[in-house]
Amino acid sequence: MNNHFILKKQAYLFIAAMALLWTSCKMERIAPVTESKKDLTGTWKVVQATRNGTNLLPIYDFTQFSIKFDATTGNYNLLNPVPFIVGADGKFSLDDPQYPYKLTFTATGGAAVATAFNYPIINGTRQIIMTFSPGCSQNTYVFTLSKTN
């Protein structure tokens, strides 16, 4: 009878422990964070440019070049053009406004040209990183643009 009492006591303790565990866990619903739309509006300048991994900044003067995006109209304007993915002003679009991977330029009177697109924050500053091959597919250019104030 003594063993029976001990087993009964252990069963009650186990049930009590399970009840405590069951009631102590709270289920919280956490809403997923929605990413904001990427806004390119503004004027952007080249801060880094490479061709096949070679730094182009000491070789070519990019200081006068800039590109101005207007997200409300979908237009872009090139100021003091340099060799770039497009050579004239036109329209631009992102493949996805919240999670873009591709930026497409359509120069006025020209065909659409897409480029790989990254939109990171580096040292507290939003940047645009584009990878493209204008003309020769053996040359890969990577332009990093930073918004001007």
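Position in the sequence shown (from 1) plus 899 gives the number in the working numbering.
Where a beta carbon is used, it is the ideal one built from N, C-alpha and C, also for glycine.
DSSP places K944 within a strand segment (E or B) once states are collapsed to three.
Contact between the region 939–952 and the region 1034–1044 is present, with at least three C-beta pairs closer than 8 Å.
Shown here, M926 sits in coil according to DSSP, grouped into three states, outside any helix or strand. According to DSSP, A1011 shares a beta bridge with T1005.
For F913, the number of other beta carbons within 10 angstroms of its own is below 16, and it is reported as exposed. Under DSSP, D969 shares a beta bridge with N974. Boundaries of the beta strand (DSSP E) harbouring L1044: 1040–1046, taken from the DSSP string.
The C-beta distance from I984 to M926 rounds to 50 Å, too long to meet the 8 Å contact threshold.
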